[in-house]
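When we follow the UniProt record's numbering, the leftmost residue of the sequence shown carries the number 1, and every step to the right adds one. Report on the structure given below.
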Amino acid sequence: MVQVNDNYRKLPQNYLFSEVARRVRSYREANPDADIISLGIGDVTRPLCNSVIEAMSAAVAEMGRAETFRGYAPDRGYDFLIDAIRTNDYLSRGIRVDSDEIFVNDGAKSALGHFCDILGGNNKVGICDPVYPVYIDTNVMDGRGGVLTSDGKWSDIVYIDSPAENGFIPQIPLQVPDIIYICSPNNPTGTALNGSQLKAWVDYAAEHGSLILFDAAYEAFVRTPGVPRSIYEIEGARNVAVEFRSFSKTAGFTGVRCGYTVVPKELKGRDSEGEVSLNALWNRHQSTKFNGTAYIVQRAAEAVYSPQGKKETALTVDYYMRNADTIRKGLEFAGFTVYGGVDAPYIWLKTPCGLSSWEFFDRLLDECRVVGTPGVGFGPSGEGYFRLTAFGDYDNVCRAVERIKEWKI
Ligand code: PLP
């Protein structure tokens, strides 16, 4: 019989969202008339904008004519999209990124997971706590996790504390990681690193020879002046950081699937024979294991950068941020301690009265008929916190917030 990767056995069941669904289902069964509002949605809900739909439709028509039909896309992406990304996301903001440093893909989740393939198994990995759980799981699959201990932590992972008293900003750990995951703006805490906080990490990585994997999936939600949207706004970052971007939340592409990774040519790693370019290695990986993002999808992504596409996608992001503002202000008014919601579509609250994340979940569902996500699902330090998201319908957000304001917890 074939032998399988034993590391998969170590992964705990994906308990969080299935348990949320199970509890909501059983509440519905017991209370069939309950008007439940979800502020737990981690997916976008607004439709694609007109510019994107028109570009996709035109691309579909092209695929139906022999003269304009396209087969396999280039491994790194079509020049028209790479140029649009480079010009709009980088050059226009004074950031140098070369065309051959941009790799178009089918979204940040797969790119983040696959990037582990080109990194050695013995690297020490540093991951913020709490954070997007994919970073941990993908490294456990690759054998970098060690064993899960009784405190809910993996023995070989360096947990980078992001304490509430420091606004959930990741603090430099005692043990030096070779690979450092930074997610800013952060899912789930909704906090974003300012320039000097990010600079401290870039300098740290340069000093210790570490590689930063910077997840900027929520950069479009940054509102505060001085909060970087790209790590390459920081001097020296080209020497230490890979950046992962996505059209998922920026332009509603969660079901369309498109993102890109930037791997500067300055980045070097080491193999048994000496120094290796990470850009060359990632290029090799993509050309071997990836056959390009669909032409139709790349035309759709290009349309996000047209003048009209920019206006339309900005309106959608504004819609979500109005939700975020409504939730944050409403909860503050109700006396909760609240984080995030300013530069991110996530609101992170301290559960009151010493309630655990799950106890708060049950009471919020039972007494307000509102669903959110228990913070403990994002790492051990998420216990005692709760995540609400701004991706819902505005009227429902207002109704949910009114219920919470009237709640006598
Ligand atoms: N990175 C973070 C921090 C996320 O929260 C998510 C999705 O929720 C992703 C990446 C995945 O993005 P994509 O849809 O591009 O795979």
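Glycine included, each C-beta is placed from N, C-alpha and C at the ideal position.
In the DSSP output, what is residue i paired with across the bridge?
{"i": "P345", "result": "None, per the DSSP bridge assignment."}
{"i": "L211", "result": "I179"}
{"i": "T373", "result": "R387"}
{"i": "L365", "result": "None; L365 has no bridge partner."}
{"i": "S38", "result": "V371"}
{"i": "V338", "result": "L349"}
{"i": "L148", "result": "W154"}
Following the continuous beta strand (DSSP E) through residue i, name the residue where it begins and the one where it ends.
{"i": "R22", "result": "R22 -> not in any beta strand (DSSP E); alpha helix (DSSP H) instead, spanning Y15 to A30."}
{"i": "G354", "result": "Unbroken run through G354: none, as it is neither H nor E."}
{"i": "G195", "result": "Run containing G195: none in the beta strand (DSSP E); it sits in the alpha helix (DSSP H), G195 to H208."}
{"i": "A241", "result": "A241 to S246"}
{"i": "I296", "result": "Looking at the DSSP string, I296 is not in any beta strand (DSSP E); the run it does join, the alpha helix (DSSP H), is Y295 to A303."}
{"i": "I157", "result": "I157 to D161"}
{"i": "G126", "result": "V125 to D129"}
Mind reading off the beta-carbon distance from residue i to residue j? Whole number of angstroms is fine, and I expect it under 8 Å.
{"i": "S230", "j": "A216", "result": "6 Å"}
{"i": "T254", "j": "V44", "result": "5 Å"}
{"i": "R403", "j": "V370", "result": "6 Å"}
{"i": "L213", "j": "Y181", "result": "5 Å"}
{"i": "F247", "j": "V317", "result": "Not really, about 12 Å apart at Cβ, beyond 8 Å."}
{"i": "F244", "j": "L39", "result": "The pair is not a contact, with the Cβ atoms about 26 Å apart (cut-off 8 Å)."}
{"i": "G71", "j": "V104", "result": "16 Å between Cβ atoms; not a contact."}
{"i": "F333", "j": "K405", "result": "6 Å"}
{"i": "I347", "j": "V60", "result": "Incorrect: roughly 38 Å between the Cβ atoms, too far for contact."}
{"i": "I327", "j": "G341", "result": "6 Å"}
{"i": "I179", "j": "Y159", "result": "Going by Cβ atoms, the distance from I179 to Y159 rounds to 14 Å, so no, they are not a contact pair."}
{"i": "residue 411", "j": "G145", "result": "Since the first residue shown for the chain is 1 and the last is 409, residue 411 is missing from the structure and cannot be characterised."}
{"i": "V262", "j": "V276", "result": "That pair is no contact at about 18 Å."}
{"i": "A324", "j": "A390", "result": "4 Å"}
{"i": "T288", "j": "A73", "result": "Actually they do not touch by this definition, with Cβ atoms about 15 Å apart."}
{"i": "N194", "j": "A344", "result": "Incorrect: roughly 14 Å between the Cβ atoms, too far for contact."}
{"i": "Y385", "j": "L331", "result": "That belief does not hold up - the Cβ atoms of Y385 and L331 are roughly 13 Å apart, past 8 Å."}
{"i": "V222", "j": "N7", "result": "Contact flag wrong, Cβ pair sits at about 35 Å."}
{"i": "I118", "j": "L364", "result": "Between L364 and I118 the Cβ distance is about 43 Å, and since that is not below 8 Å, they are no contact."}
{"i": "C258", "j": "G107", "result": "7 Å"}
{"i": "C368", "j": "W407", "result": "5 Å"}
{"i": "Q298", "j": "L81", "result": "5 Å"}
{"i": "Y204", "j": "I172", "result": "6 Å"}
Where does the unbroken alpha helix (DSSP H) through residue i begin, and where does it stop?
{"i": "N323", "result": "P307 to F333"}
{"i": "S138", "result": "The sequence shown places Thr at residue 138, not Ser. Run containing T138: V134 to M141, per the alpha helix (DSSP H) assignment."}
{"i": "C116", "result": "Segment: none, C116 is in no alpha helix (DSSP H) and carries neither H nor E."}
{"i": "Y78", "result": "Careful: Y78 lies outside any alpha helix (DSSP H) and carries neither H nor E."}
{"i": "Y394", "result": "Y394 to E406"}
{"i": "I409", "result": "Segment: none, I409 is in no alpha helix (DSSP H) and carries neither H nor E."}
{"i": "V52", "result": "N50 to M63"}
{"i": "N7", "result": "N7 to K10"}
Compute the minimum distance between the beta carbon of residue i and the heavy atoms of the ligand FAD, and state whether it is under 7 Å.
{"i": "E312", "result": "Among the ligands present in this structure, namely the ligand PLP, the ligand FAD is not found."}
### Message
Restricting to runs no shorter than 4 residues, where is the alpha helix (DSSP H) found entirely within the stretch 252 to 290?
### Response
278 to 289
Neighbouring residues (CB closer than 6 Å to any heavy atom of the ligand PLP): G42, G107, A108, K109, Y132, C183, N187, D215, A217, S246, S248, T254 and G259
As an exercise, report each continuous alpha helix (DSSP H) stretch of at least 4 residues that is fully enclosed by the stretch 83 to 108, in chain order. none
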